[in-house]
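Asker:
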Amino acid sequence: MIVSRSGMSSAAWVSVGHEIVAPRASDDPVVGHSMCTSALRLAVEWPVPGVVVVRIGGEIDLSTVPRLTELIRQRLTAAALQAIVVDVSEVSFASSAAIELLLHAQRRAEHRRTRLFVVPGHGAVLRLLTITRLRERFVCRASAAEAVAEARG
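Quick note: the sequence shown uses UniProt numbering, first residue 1, plus one each step.
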């Protein structure tokens with residue numbers, strides 16, 4: 001289940017309990033989302049018509065990328081989509097699979113002639129983009145609000 005909330009602030013999406021929290025492996029216990037900071041957390045919102053924000057928190061690795069790829073693919077098939085904002089500022093761990101996810105999203109967005117914005121934050125994803133010298137390949141913005149404002153204009 002993907003939860004969609006329009007107009008939800010970036011601070012609120014984690015605290016209100018409307019995110020997906022999945023165990024990392026099949027034998028991991030399911031822990032309440034307030035106690036499990038490394039599990040995958042997702043939130044989707046439509047702050048303005050034609051713009052979708054996908055917020056990702058927790059860990060991006062080989063076990064979580066298929067879920068994330070499918071979520072982004074679904075959002076990119078929306079008929080009237082003008083822009084997608086992928087906010088990964090709350091990602092605590094990012095393997096090279098995160099780069100694969102972003103490159104895949106970028107290719108799909110270009111194919112659909114949809115603008116893709118990435119909000120890398122100051123943590124794991126920004127370090128990964130910097131190390132791989134791929135930061136300039138993406139349209140990066142400091143916040144989802146900044147990306148949404150640019151997408152509207």
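Just so it is clear, CB atoms sit at the ideal spot from N, CA and C, and this is done for glycine as well.
Which residue spans inside the UniProt domain "STAS" (49–151) form an unbroken alpha helix (DSSP H) run of at least 4?
Answerer: Counting whole runs of 4 or more residues, the UniProt domain "STAS" (49–151) contains the alpha helix (DSSP H) stretches 65–76, 96–112, 124–131.
Asker: Pick from 108, 66, 98: whose alpha carbon is nearest that of residue 172?
Answerer: This structure gives no information on residue 172, because the portion of the chain shown stretches from 1 to 153.
Asker: Anyone know if the C-beta pair for residue 187 and residue 75 falls short of 9 Å?
Answerer: There is simply no residue 187 to check, as the chain begins at 1 and stops at 153 in what is shown.
Asker: Indicate whether residue 52 and residue 44 have their beta-carbon atoms separated by less than 9 Å.
Answerer: Walking along the sequence shown from the start, residue 52 turns up at place 52. Walking along the sequence shown from the start, residue 44 turns up at place 44. Yes, the pair counts as a contact, with Cβ atoms nearer than the cut-off.
Asker: Would you tell me roughly how many angstroms separate the C-alpha atoms of residue 59 and residue 86, rounded to the nearest one?
Answerer: Your numbering for residue 59 matches position 59 in the sequence shown. Your numbering for residue 86 matches position 86 in the sequence shown. Roughly 14 Å between the two C-alpha positions.
Asker: So, helix, strand or coil for residue 39, using DSSP?
Answerer: For the purposes of this step, residue 39 is taken as the residue at position 39 of the sequence shown. Coil.
Asker: Under 9 Å, do residue 128 and residue 140 count as touching if we go by C-beta distance?
Answerer: Taking the first residue of the sequence shown as position 1, residue 128 is located at position 128. Taking the first residue of the sequence shown as position 1, residue 140 is located at position 140. Cβ distance not < 9 Å, so residue 128 and residue 140 don't count as in contact.
Asker: Using the Cα positions of residue 134 and residue 71, report the straight-line distance between them to the nearest angstrom.
Answerer: Within the sequence shown, numbered from 1, the residue matching residue 134 stands at position 134. Within the sequence shown, numbered from 1, the residue matching residue 71 stands at position 71. For residue 134 and residue 71, the distance between alpha carbons rounds to 23 Å.
Asker: Beta-carbon within less than 8 Å of residue 100's beta-carbon, same chain only, minus the 5 sequence neighbours each way: which residues are those?
Answerer: To locate residue 100, count along the sequence shown from 1; it is residue 100. If we look at residue 100 and ignore the five residues flanking it on each side, its Cβ neighbours are 65.
Asker: Is residue 114 buried or exposed, if buried means 16 or more other CB atoms sit within 10 Å of its CB?
Answerer: As a working note, residue 114 is residue 114 in the sequence shown. Residue 114 should be labelled buried.
Asker: How many Å lie between residue 89 and residue 126 at the Cα?
Answerer: Numbered from its first residue, the sequence shown carries residue 89 at position 89. Numbered from its first residue, the sequence shown carries residue 126 at position 126. Approximately 8 Å between the Cα atoms of the pair.
Asker: Taking the beta carbon of residue 73 as the centre, do at least 16 other beta carbons fall within 10 Å, making it buried, or is it exposed?
Answerer: Taking the sequence shown and counting its residues from 1, one reaches residue 73 at position 73. Answer is exposed; the Cβ neighbour count stays below 16.
Asker: For residue 82 and residue 142, I'd like the C-alpha separation in whole angstroms.
Answerer: One-based indexing of the sequence shown puts residue 82 at position 82. One-based indexing of the sequence shown puts residue 142 at position 142. Using only the alpha carbons, I get a separation of about 20 Å.
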